[in-house]
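In this note's numbering, the protein residues as written are 2 to 344.
Input: a single structure, listed below in structure tokens.
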């Protein structure tokens, strides 16, 4: 199976207002008619679509069992899949793509200081390193203005955030007193960044970094054991999930003014919010009492639609683009993972 870590983590928040939970019964929220398309690069037994641009081109990575390597891919709106990898690397993974078709990600090298890359539309991989990345540079997202955000690891494998501007200049940053490091996960077109950091008590906290560098830390609620932001929209609203006292995942949305609204599917044992677009539509997945995973879409006005890929044992939506295209992966009965898009 893929050696690339699939799950993404986020963080907590301090001193925020808490709104009433939003809970919707899956039975009461009939999914609107939508087309779901499944796909894989030829031969893949693990396909992980990460993000789609406004044209519907999807960036992600897949596992090739023939040569036992992870490779990046781009899937065009017409269904054409282009696989790519660095010839000397065992892992090449794409995590973001802009509207010009430029993708970002990383590939592995034996020395350990894995470079980040920008994949140009002609297929060229332009590599870059954050300063001090003895153990690698890992881009997580790219804006349509060409800015890239991600995490790099120093000599001691401590994570630090970075923002690579369109000019190529790299700004590194950390949350103050981040004993266990800072991870930057997503950004919007204004270069506002979200991610998580670890404090000396072992807890994980969320943060928002303003374009000029001011960092605000936050927790998703009283007693949360961890808060994991996953995405940010153009208005500065952050979505993700936190862990309650029973270590169950609970979704949340943090507005730009700091107000937090819990987002949960009624009767779910866990809710993971993974993406938001600039229209305010939110996606994620939830686990039922049998711990089976199902997808959901929460429209900006609050209605929740649940869905799953036909024939799937589990469905994991990961992101939603401006036009409402949802992408992610699903698991079959043989525990192989495949890509899907819903539109």
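Glycine included, every Cβ here is placed at the ideal spot set by N, Cα and C.
Discussion item. With DSSP as the reference, identify every bridge partner of residue 353, one or two as the case may be.
Written reply: This structure cannot settle anything about residue 353, because the visible part of the chain is limited to 2 through 344.
Worksheet item: For residue 262 versus residue 273, is the C-beta spacing smaller than 8 Å?
Response: In the chain shown, counting from the first residue as 1, residue 262 sits at position 261. In the chain shown, counting from the first residue as 1, residue 273 sits at position 272. Their beta carbons are not under 8 Å apart, which means residue 262 does not touch residue 273 by this criterion.
Worksheet item: At what residues does the beta strand (DSSP E) containing residue 320 begin and finish?
Response: Looking up residue 320 in the chain shown gives position 319. In the DSSP assignment, residue 320 falls within the unbroken beta strand (DSSP E) covering 315 to 321.
Practice prompt. May I have a chain-ordered list of the beta strand (DSSP E) segments no shorter than 3 residues that lie completely inside the stretch 24 to 79?
Written response: The qualifying runs are 37 to 40, 47 to 53, 59 to 65 and 70 to 76.
Worksheet item: Taking residue 122 as the reference, which of 156, 65 and 100 has the closest Cα?
Response: For the purposes of this step, residue 122 is identified with residue 121 of the chain shown, where counting begins at 1. The candidate whose alpha carbon is nearest that of residue 122 is 100.
Practice prompt. Mind checking who residue 298 pairs with in its DSSP beta bridge?
Written response: To locate residue 298, count along the chain shown from 1; it is residue 297. In the DSSP assignment, residue 298 is bridged to 284 and 306.
Worksheet item: Thinking C-alpha only, which one of 266, 269 and 207 is nearest residue 240?
Response: Taking the first residue of the chain shown as position 1, residue 240 is located at position 239. Put simply, of 266, 269 and 207 the residue whose alpha carbon is nearest the alpha carbon of residue 240 is 207.
Fill in: Same chain, Cβ closer than 8 Å to residue 67, five either side skipped, listed in chain order
Residue mapping note: residue 67 aligns to position 66 of the chain shown, counting from 1. Short of 8 Å from the beta carbon of residue 67, and not among the five residues preceding or following it, lie these beta carbons of its own chain, in chain order: 44.
Practice prompt. Give me the Cα-Cα distance between residue 325 and residue 71, rounded to the nearest whole angstrom.
Written response: Within the chain shown, the letter at position 324 stands for residue 325. Within the chain shown, the letter at position 70 stands for residue 71. Their backbone Cα atoms lie some 28 Å apart in a straight line.
Fill in: For residue 264, the nearest candidate out of 246, 285, 177 and 280 (CA to CA)
Numbered from 1 along the chain shown, position 263 holds the residue referred to as residue 264. The residue among 246, 285, 177 and 280 with its C-alpha nearest the C-alpha of residue 264 is 285.
Fill in: DSSP-derived helix/strand/coil call for residue 336
Counted from its first residue, the chain shown places residue 336 at position 335. Coil at residue 336, not helix or strand.
Worksheet item: Is it the case that the Cβ atoms of residue 116 and residue 130 are separated by a distance below 8 Å?
Response: If you number the chain shown from 1, residue 116 lands on position 115. If you number the chain shown from 1, residue 130 lands on position 129. In this structure, residue 130 lies closer than 8 Å to residue 116 by Cβ.
Practice prompt. Compute the Euclidean distance between the alpha carbons of residue 292 and residue 321, then round it to the nearest angstrom.
Written response: Position 291 of the chain shown, counted from the start, is the residue given in the question as residue 292. Position 320 of the chain shown, counted from the start, is the residue given in the question as residue 321. Across the structure, residue 292 and residue 321 are spaced so that their CA atoms are roughly 24 Å apart.
Practice prompt. Leaving aside the five residues before and after residue 343 along the sequence, list all residues of the same chain whose C-beta is less than 6 Å from its C-beta, in chain order.
Written response: Counting from one through the chain shown, the residue named residue 343 turns up at place 342. Non-local C-beta neighbours of residue 343 in its own chain, meaning closer than 6 Å and more than five positions away in sequence, comprise 35, 37 and 327, ordered along the chain.
Worksheet item: Roughly how many angstroms separate the alpha carbons of residue 75 and residue 160, rounded to a whole number?
Response: Along the chain shown, one-based indexing puts residue 75 at 74. Along the chain shown, one-based indexing puts residue 160 at 159. So the two alpha carbons sit approximately 28 Å from each other.
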